[in-house]
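Report on the following structure.
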Amino acid sequence: MSLVTLQLLDFLEFVIIGIIISIIFDFFRAYRSARKTNDFIVLLQDFIYFFLVTIIIIISIINILDSNLRGYIFFAIILGILVYISILSRFFLKIYDMFFKTISFTIELLLLPLKLFLQIIKKIYKFFEKYIKKCCKKFLYVLSFICRKFLNIKFLNIKFKRRGLKKV
């Protein structure tokens, strides 16, 4: 093949790399619109995105151009980004939106038995809470009585009153 044909193929490969970079960017953008994220998560996602993009571009330059840096590759990447934004971005955003909604629904569906179990445990606890408190008060009263009368222990000097336990 001629030199011009090889350079044209390299140019088209870097246009495709620009499209891939834009697809990754839209993935992070769709995730941010699907879920509320705080500033730290946004910063972390930006770091991950720029790390991925840098790795993709460096590996592409090494593999496609044999480590020769040419000026037209940056123009090709920008052209790929513009082609993606103008033609494919809306389509991929819909796919990502559907993907994140499906994932959220699946996670909620899988966590539903756990949520129901926790609600049942909470209801049982609320029902028995007053009985458990009364039982503990009576147990401490009996323990105090036993210690005072039979064991003659002074450090557990507790009086039982209507409003609760008080130290004397």
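Per the numbering used here, the very first residue in the sequence shown carries number 96; after that it's consecutive. Cβ coordinates follow ideal geometry from the N, Cα and C atoms, glycine included. These numbers were taken from a predicted model, which means no experiment stands behind them.
(request) Could you check the C-alpha separation between Lys196 and Thr100 for me, to the nearest Å? (result) 44 Å
(message) Using a 10 Å radius around the Cβ and a threshold of 16 neighbouring Cβ atoms, would you call Ser97 buried or exposed?
(response) exposed
(request) Any chance you could list the alpha helix (DSSP H) runs of at least 4 consecutive residues sitting entirely within the region 144-186, in chain order? (result) 167-178
(request) Taking only the alpha-carbon atoms, compute the straight-line gap between Phe222 and Phe186 and give it to the nearest angstrom. (result) 53 Å
(request) Assign Asp134 to buried or exposed, taking buried as 16 or more other Cβ atoms, counted over all protein chains shown, within 10 Å of its Cβ. (result) exposed
(message) As a quick exercise: from Lys229, Ala171, Ser117, Arg124, pick the residue whose alpha carbon is nearest that of Gln102.
(response) Ala171
(request) In the DSSP assignment, find the unbroken alpha helix (DSSP H) run with Thr100 in it and report its ends. (result) 98-129
(message) Taking 8 Å as the cut-off, does the region 112-124 touch the region 142-149 (at least 3 CB pairs, one atom from each stretch)?
(response) yes
(request) Using the Cα positions of Asp243 and Cys230, report the straight-line distance between them to the nearest angstrom. (result) This sequence places Arg at residue 243; Asp is not what is there. The alpha-carbon atoms of Arg243 and Cys230 are separated by roughly 20 Å.
(message) Looking only at its chain, what residues have a beta carbon closer than 7 Å to the beta carbon of Tyr191, apart from the 5 residues adjacent to it on each side?
(response) Asp121, Phe122, Ala125
(message) If contacts are defined as beta-carbon pairs under 8 Å, then Tyr220 and Ile114 qualify, I think. What distance do you get, rounded to the angstrom?
(response) Rounded, the Cβ-Cβ distance is 55 Å, inconsistent with contact.
(message) Buried or exposed, going by whether 16 or more other CB atoms sit within 10 Å of the CB of Ile168?
(response) buried
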